[in-house]
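Trainee:
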Amino acid sequence: CLLVRKSIPALISCFSCSPQTFNISNVSAQCPDAECLFAFYGGETLYHRYLILFQFYNVFLFFWCANFVTALGQVTLSGAFASYYWAFKKPDDIPAFPIFTSFGRALRSSGSS
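For the sequence shown, the positions run 119 to 231 when my numbering is used.
1) Should residue 135 go down as buried or exposed, given a rule of 16 or more other Cβ atoms within 10 Å for buried?
2) Ends of the alpha helix (DSSP H) at residue 185?
3) Does the beta-carbon distance from residue 154 to residue 137 come in below 8 Å?
4) Is the CB-CB distance between residue 220 and residue 191 below 8 Å?
5) Helix, strand or coil for residue 217? Go by DSSP, reduced to three states.
6) Excluding sequence positions up to five away, which residues of its chain have a Cβ less than 6 Å from the Cβ of residue 228?
7) Suppose contacts are defined by Cβ-Cβ distances below 8 Å. Is residue 201 in contact with residue 209 by that definition?
8) Excluding sequence positions up to five away, which residues of its chain have a Cβ less than 6 Å from the Cβ of residue 206?
9) Can you name the start and end residues of the alpha helix (DSSP H) that residue 208 belongs to?
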(Lines of atoms letter the chains of each structure in order from A and count residues from 1; the text may use other names and numbers.)
(Lines give C-alpha, C1' and ligand atoms only; values in the text may rest on other atoms or scores of the structure.)
Protein backbone atom coordinates (compact mmCIF):
# COMPACT_ATOMS: atom_id res chain seq x y z
CA CYS A 1 0.00 0.00 0.00
CA LEU A 2 1.29 3.44 -0.88
CA LEU A 3 -0.53 6.54 0.27
CA VAL A 4 0.50 9.83 -1.25
CA ARG A 5 -0.51 13.28 -0.08
CA LYS A 6 -0.75 15.63 -3.04
CA SER A 7 -0.70 19.38 -2.70
CA ILE A 8 -3.20 19.98 -5.51
CA PRO A 9 -6.76 19.46 -4.16
CA ALA A 10 -8.13 18.09 -7.45
CA LEU A 11 -5.58 15.26 -7.35
CA ILE A 12 -6.30 14.05 -3.82
CA SER A 13 -7.59 10.53 -4.07
CA CYS A 14 -9.64 8.60 -1.54
CA PHE A 15 -6.39 7.09 -0.24
CA SER A 16 -4.79 10.40 0.71
CA CYS A 17 -2.92 10.83 3.95
CA SER A 18 -1.47 13.56 6.11
CA PRO A 19 2.23 13.16 6.95
CA GLN A 20 1.68 14.80 10.35
CA THR A 21 -0.98 12.32 11.51
CA PHE A 22 0.03 9.18 9.67
CA ASN A 23 2.05 7.65 12.51
CA ILE A 24 -0.86 7.86 14.98
CA SER A 25 -3.52 6.61 12.56
CA ASN A 26 -4.61 2.98 12.18
CA VAL A 27 -3.69 2.75 8.50
CA SER A 28 -0.40 1.03 9.28
CA ALA A 29 -2.33 -1.64 11.20
CA GLN A 30 -4.54 -2.35 8.19
CA CYS A 31 -1.67 -2.29 5.72
CA PRO A 32 1.73 -2.90 7.36
CA ASP A 33 3.74 -1.80 4.33
CA ALA A 34 1.88 1.51 4.00
CA GLU A 35 3.88 4.70 3.54
CA CYS A 36 2.73 8.27 3.56
CA LEU A 37 4.80 10.31 1.15
CA PHE A 38 4.42 13.95 0.24
CA ALA A 39 4.48 14.66 -3.47
CA PHE A 40 6.12 18.05 -3.91
CA TYR A 41 4.57 20.32 -6.56
CA GLY A 42 6.14 23.75 -6.77
CA GLY A 43 7.87 25.67 -4.07
CA GLU A 44 10.60 28.18 -3.59
CA THR A 45 13.82 26.57 -4.67
CA LEU A 46 16.48 28.40 -6.66
CA TYR A 47 15.10 26.84 -9.83
CA HIS A 48 11.54 28.01 -9.12
CA ARG A 49 12.62 31.55 -8.26
CA TYR A 50 14.52 32.06 -11.52
CA LEU A 51 12.28 30.00 -13.81
CA ILE A 52 10.97 32.98 -15.79
CA LEU A 53 14.52 34.27 -16.27
CA PHE A 54 15.57 30.86 -17.57
CA GLN A 55 12.73 30.99 -20.09
CA PHE A 56 13.77 34.44 -21.32
CA TYR A 57 17.34 33.16 -21.58
CA ASN A 58 16.13 30.20 -23.67
CA VAL A 59 14.20 32.50 -26.02
CA PHE A 60 17.23 34.77 -26.39
CA LEU A 61 19.49 31.81 -27.18
CA PHE A 62 17.00 30.45 -29.70
CA PHE A 63 16.97 33.72 -31.62
CA TRP A 64 20.75 34.06 -31.34
CA CYS A 65 21.36 30.53 -32.66
CA ALA A 66 18.81 30.92 -35.47
CA ASN A 67 20.43 34.16 -36.62
CA PHE A 68 23.93 32.72 -36.28
CA VAL A 69 23.06 29.78 -38.54
CA THR A 70 21.43 32.13 -41.06
CA ALA A 71 24.45 34.43 -41.08
CA LEU A 72 26.83 31.49 -41.35
CA GLY A 73 24.99 30.33 -44.46
CA GLN A 74 25.17 33.81 -45.96
CA VAL A 75 28.88 34.14 -45.22
CA THR A 76 29.50 30.68 -46.69
CA LEU A 77 27.73 31.52 -49.94
CA SER A 78 29.38 34.92 -50.23
CA GLY A 79 32.78 33.31 -49.71
CA ALA A 80 32.07 30.76 -52.42
CA PHE A 81 31.02 33.50 -54.86
CA ALA A 82 34.01 35.64 -53.87
CA SER A 83 36.44 32.78 -54.52
CA TYR A 84 35.13 32.66 -58.07
CA TYR A 85 35.00 36.45 -58.51
CA TRP A 86 38.51 37.16 -57.23
CA ALA A 87 40.22 34.25 -59.01
CA PHE A 88 42.77 35.57 -61.54
CA LYS A 89 42.90 32.38 -63.59
CA LYS A 90 39.32 31.16 -63.42
CA PRO A 91 39.59 27.42 -63.74
CA ASP A 92 42.91 27.09 -61.89
CA ASP A 93 42.43 29.40 -58.88
CA ILE A 94 38.92 28.22 -57.98
CA PRO A 95 38.97 25.59 -55.20
CA ALA A 96 37.72 22.08 -55.97
CA PHE A 97 34.88 22.37 -53.43
CA PRO A 98 34.17 26.09 -53.05
CA ILE A 99 31.22 25.68 -50.66
CA PHE A 100 33.13 23.44 -48.23
CA THR A 101 36.23 25.62 -48.46
CA SER A 102 34.17 28.72 -47.78
CA PHE A 103 32.32 27.01 -44.91
CA GLY A 104 35.62 26.08 -43.26
CA ARG A 105 36.90 29.62 -43.76
CA ALA A 106 33.69 31.05 -42.26
CA LEU A 107 33.97 28.80 -39.20
CA ARG A 108 37.62 29.72 -38.72
CA SER A 109 37.15 33.45 -39.04
CA SER A 110 33.58 34.24 -37.95
CA GLY A 111 32.88 31.29 -35.66
CA SER A 112 35.82 32.03 -33.38
CA SER A 113 34.54 35.44 -32.32
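From the three backbone atoms N, C-alpha and C, an ideal C-beta is built for every residue, glycine too.
Mentor: To lay it out plainly:
1) buried
2) 169-203
3) yes
4) no
5) helix
6) 193
7) no
8) none
9) 208-211
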